[in-house]
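To start, the structure itself, in structure tokens.
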Amino acid sequence: MAATVKKHEKKISNPDEDRSAICLPDRDAKIAELAYYKAENRDFAPGYELEDWLEAEQELLL
Numbered sequence: 010m011a012a013t014v015k016k017h018e019k020k021i022s023n024p025d026e027d028r029s030a031i032c033l034p035d036r037d038a039k040i041a042e043l044a045y046y047k048a049e050n051r052d053f054a055p056g057y058e059l060e061d062w063l064e065a066e067q068e069l070l071l
């Protein structure tokens, strides 16, 4: 009986895919840290928490 040979192609890593591959706990921790620094720069004035978080997300994903 003849053996069959399977070819395995090596997938080339795409840098754009690697950026989004940050695991969620690390991603959320980094976003939280950036948002904290944004709040700190405003002397923790209330009412900007969501804005800080969303801006931090955008900065991390750029």
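Taking my numbering, the leading residue of the sequence shown gets 10, the next gets one more, and so forth. All C-beta atoms in this analysis are idealised placements derived from N, C-alpha and C, irrespective of residue type, glycine included.
Between the CA atoms of residue j and residue i - distance to the nearest angstrom
i: E64; j: D35; result: 17 angstroms
i: C32; j: L70; result: 13 angstroms
Proximity of residue i and residue j at Cβ, strictly below 8 angstroms
i: E60; j: L43; result: no
Presumed contact (8 angstroms Cβ cut-off) between residue i and residue j, rounded CB distance
i: Y57; j: R51; result: 6 angstroms
Chain-order list of residues whose beta-carbon lies under 7 angstroms from that of residue i (same chain, five-residue window excluded)
i: W62; result: I40, A44
heavy atom of the ligand ADP below 7 angstroms from residue i C-beta
i: Y45; result: What this structure holds is no ligand at all, so the ligand ADP is not there to describe.
Cut-off 8 angstroms between Cβ atoms - residues of its own chain near residue i, not counting five sequence neighbours on either side
i: E66; result: I40
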